[in-house]
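K.L.:
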Amino acid sequence: MTGADKAFETLSPNVVVDGPSSRLTSNDENATILFHEFVPVCVRERANSSEHVENLKIRIAFGFNKQKQNKVLRIQVTNDSDPFFFHHTEVSEEDYKSIKVEQSILVEFLQFPHKLIELLGECTKSYHDGKPPFLAVLRVGSGGSSLDSSLGVIETNQFKRLSHISLNLKHGDSAAVKEYLAGRLLDVQAERDSWLQAHGAVTSELISVRGDLESTRADLFAERDACGRRDNHTQARLDELAARLKLAAVEELTNTKTRLEGEFSAAEAGMRSAIEALTCRNKELESRAGDLIQTKYKLDSNLSEITSRLNTTDAELKAAKAELENLRADKNYLEKELQAHETRNARDGSRVEWLETQLKDRDELINVLKGKLDGNISHNLSMEHALDDARVAVTRAEDRLSASACEIRKGNHIIERLQAELRSAKAKAKLKSTVISQQEIVLNERQGALDNHARKHDELTHELEIANREMQVLRAQVKSQNKKLEESQALLVSNQQMIQWLNSQVNEAHLTQLGNISRQNYNPSLRLPTIKPSDFNVVRPGKSEALTFNSKRGSVASGAI
14 MTGADKAFET LSPNVVVDGP SSRLTSNDEN ATILFHEFVP VCVRERANSS
64 EHVENLKIRI AFGFNKQKQN KVLRIQVTND SDPFFFHHTE VSEEDYKSIK
114 VEQSILVEFL QFPHKLIELL GECTKSYHDG KPPFLAVLRV GSGGSSLDSS
164 LGVIETNQFK RLSHISLNLK HGDSAAVKEY LAGRLLDVQA ERDSWLQAHG
214 AVTSELISVR GDLESTRADL FAERDACGRR DNHTQARLDE LAARLKLAAV
264 EELTNTKTRL EGEFSAAEAG MRSAIEALTC RNKELESRAG DLIQTKYKLD
314 SNLSEITSRL NTTDAELKAA KAELENLRAD KNYLEKELQA HETRNARDGS
364 RVEWLETQLK DRDELINVLK GKLDGNISHN LSMEHALDDA RVAVTRAEDR
414 LSASACEIRK GNHIIERLQA ELRSAKAKAK LKSTVISQQE IVLNERQGAL
464 DNHARKHDEL THELEIANRE MQVLRAQVKS QNKKLEESQA LLVSNQQMIQ
514 WLNSQVNEAH LTQLGNISRQ NYNPSLRLPT IKPSDFNVVR PGKSEALTFN
564 SKRGSVASGA I
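Under my numbering, the sequence shown has 385 at position 372, and the numbering climbs by one with no breaks.
#1: Under 7 Å from any heavy atom of the ligand MG, does the C-beta of LYS349 make it?
#2: Output the distance between the C-alpha atoms of GLY154 and SER62, rounded to the nearest integer angstrom.
#3: Run through DSSP, which three-state label would ASN61 get?
#4: Can you find at least 3 beta carbon pairs, one from the segment 410-424 and one from the segment 373-387, that sit closer than 8 Å?
#5: Across the segment 476-488 and the segment 354-374, are there enough close Cβ pairs to call them in contact, namely three or more that are closer than 8 Å?
#6: Pairing CB atoms from the segment 202-213 with CB atoms from the segment 129-141, are three or more of them under 8 Å?
#7: Taking buried to mean at least 16 other C-beta atoms within 10 Å of its own C-beta, is GLN307 buried or exposed?
#8: So that I know if they touch, is there some Cβ in chain D lying closer than 8 Å to that of HIS65?
#9: To the nearest whole angstrom, what separates the beta carbons of LEU340 and ILE449, a pair I think is in contact under 8 Å?
#10: If the criterion is Cβ atoms closer than 8 Å, does the pair PHE75 and LEU47 meet it?
#11: Given a threshold of 16 other Cβ atoms within 10 Å of its Cβ, counted over all protein chains shown, does PHE125 qualify as buried or as exposed?
#12: What residue range does the beta strand (DSSP E) around ILE178 cover?
#13: Would you identify the three-state DSSP class for PHE48, choosing helix, strand or coil?
#14: Is the beta carbon of LEU347 less than 8 Å from the beta carbon of LYS443?
#15: Just mark GLY54 as buried or exposed, buried being the case when its beta carbon has 16 or more other beta carbons within 10 Å.
#16: If you draw a straight line from the alpha carbon of HIS523 to that of ASN245, how long is it in whole angstroms?
#17: Report back the beta-carbon spacing between LEU368 and ILE427 to the nearest angstrom; my notes put them in contact at under 8 Å.
#18: Are the CB atoms of GLY461 and VAL365 within a distance shorter than 8 Å?
#19: Got a sec? Which residues, its chain only, sit under 8 Å from LEU473 by beta carbon, not counting five neighbours each side?
#20: From what residue to what residue does the beta strand (DSSP E) around SER163 run?
#21: In terms of alpha-carbon separation, which member of ASN68, GLU106, HIS65 lies closest to ALA82?
#22: Identify the continuous beta strand (DSSP E) that holds ILE112 and give its terminal residues.
#23: Would GLY185 be called buried (16 or more neighbouring beta carbons within 10 Å of its own) or exposed?
#24: Is the segment 161-171 touching the segment 187-201 in the sense that three or more CB pairs, one from each, lie closer than 8 Å?
#25: Give me the Cα-Cα distance between ASP232 and VAL222, rounded to the nearest whole angstrom.
#26: Thinking VAL150 and ARG57 are a contact (beta carbons under 8 Å), I'd like their distance in whole angstroms, please.
#27: To the nearest angstrom, how far is it from the Cα of VAL552 to the Cα of VAL519?
#28: Beta-carbon within less than 6 Å of VAL104's beta-carbon, same chain only, minus the 5 sequence neighbours each way: which residues are those?
#29: Tell me which residues share the same chain as ILE112 and place their Cβ nearer than 8 Å to its Cβ, disregarding the 5 neighbours each side in the sequence.
#30: What three-state label does DSSP hand LEU209 in the structure shown?
#31: So is LYS84 buried or exposed if we call it buried at 16+ other beta carbons inside 10 Å?
#32: Starting from LEU133, trace the alpha helix (DSSP H) in both directions and tell me its first and last residue.
#33: Between ASP387 and LYS441, what straight-line distance do the alpha-carbon atoms span, to the nearest angstrom?
#34: Can you tell me whether TYR193 is buried or exposed, with buried defined as 16 or more other CB within 10 angstroms of its CB?
#35: Based on Cα-Cα distance, which residue from PRO146, ILE288, ARG322 lies nearest to LYS469?
#36: So what does ILE73 bridge to, in DSSP terms?
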């Protein structure tokens, strides 16, 4: 067998390999039926342009031709209401090549039957849905030509109608119809033979079952007599045992009454003492609960106080930060002013040094002039004219000296004023640095208090989160317990329903058995009701049910194993 043959044996789930329906006529020998079902087909007659939808049986088989050389695909369309309605065709590989080119088919010859079967399935499915987008159309002609009909599949969408496939069929003549009907007759005969064979097997099985039924009936009567004798003997023993049990029960009742009276008095005394202890314990718990409530109120008040203090501290912290920014700005401004004063002082110092240098030069000049004056005095007699010049020069020098002295005094005043301003600026800077250090100390203290409050707040938040997690765990446990309770209740209801159903089934079977046995005219074809083991196999998660049948009372008892 080639790979293509194996592929066609597994083309479609509708393929029937064994059975009467797989037997074909002589022309379809060694062929495999791929599809043989009713399909709603729109039959259109070309003569009068009329159309109607009928359920036609389409048969698709794959095999070899008469010479058993080439593989062919046979398609037959019939109508069960009209035995002479027969259209057929054979498509070989060569024919399929031309059809593939003409109709732009994409699949190969081995895949074509499967795709055609899928299109026919879509036609059946869409027709049952009420809005058939896929429709199989059979165009029937009136002539007697060899190609007077065609089978196609049309898809209707919102835009147009698309023709997926169109195959030319031959209208069956009398010889083809006879050959097809002969093949169907052979199929019916083969099916009849198989049913006769199955009927013979069932008949032989029925005869053996009847023999088993007769033997079972005899065993049942014997067992019933034995059960009656055992019941009578057991009833006598039960009566004797009941009398003994009554006497023992009376004695046990008297002893139990006496013992219970003593136990009741002792229990009453113990209960009173327990009630008194519980009363004291209840009072202690109430006082403890009151203390806890007061503690809770105190903690709540402390929490509110801490919250308010935290808010106040936050506001103070914001104000301190703003004040710190202002102080830092003032500090920067004062540092700039100090640098400007130092620059001016340096400039004034350089000017003072220049003035002192000028003063020294003038002192030296005065000394030189004094020396010259002494020389002029010593040589006064000889140098009068020079003396006059010297006097004039001295007068000029004295004027210059007085002017320089005035300028020196002004410079000294300016230096003293600048030194006073420098001292005041240093004092102010020192005062502001002291204030800034004090503010930083206060700010650090407030920051420490704020950190303490934040740490306490974090601890309280952590405790609250732990309590919430414990609450969530408890809720999850409660939810799981409720779910288990619902599952147990559902399991109990299901078990009760199963037990009631089995009781009703076994009671009906037992009543039917008793009614049939009590009849005078026994029907040998009647079969006793049987209960399959699967009917008693009731399995539930975590529990298995054991069911037993009571033949005397006709009921089912259930118990947990």
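Just so it is clear, CB atoms sit at the ideal spot from N, CA and C, and this is done for glycine as well. Just so you know, these numbers come straight off a predicted model, no measurement behind them.
P.N.:
In terms of the structure at hand:
#1: You won't find the ligand MG in this model; it holds no ligand whatsoever.
#2: 10 Å
#3: coil
#4: yes
#5: no
#6: Contact between the segment 202-213 and the segment 129-141 is not established, with fewer than three Cβ pairs separated by less than 8 Å.
#7: exposed
#8: The chain labelled as chain D is not found in the depicted structure, where only one protein chain is given.
#9: 5 Å
#10: yes
#11: buried
#12: 174-184
#13: strand
#14: no
#15: According to the sequence displayed, residue 54 carries Val and not Gly. Classification of VAL54: buried, given that the 10 Å Cβ count is 16 or more.
#16: 23 Å
#17: Contact doesn't hold; Cβ gap of about 10 Å is too wide.
#18: No. Outside cutoff.
#19: LEU316
#20: 162-169
#21: Ala is not the amino acid found at residue 82; the sequence shown has Gln there. Of the candidates ASN68, GLU106, HIS65, GLU106 places its Cα closest to the Cα of GLN82.
#22: Taken as a continuous stretch (DSSP letters only), ILE112 belongs to no beta strand (DSSP E), being part of the alpha helix (DSSP H) at 106-116.
#23: The residue in question, GLY185, is buried, as its Cβ has 16 or more Cβ neighbours within 10 Å.
#24: Contact check between the segment 187-201 and the segment 161-171: fewer than three CB pairs, one atom from each, fall below 8 Å, which does not count as touching.
#25: Roughly 15 Å between the two C-alpha positions.
#26: 6 Å
#27: Residue confidence is low: VAL552 scores 41 on pLDDT, short of 50, so the model does not pin down where it sits. Its coordinate-derived value is still stated next. Taking the straight line joining both Cα atoms gives about 19 Å.
#28: LEU86
#29: VAL104, ILE118, LEU180
#30: Secondary structure at LEU209: helix, using DSSP grouped into helix, strand and coil.
#31: buried
#32: 125-142
#33: 56 Å
#34: Under this definition TYR193 is a buried residue.
#35: ARG322
#36: PHE48, ILE88
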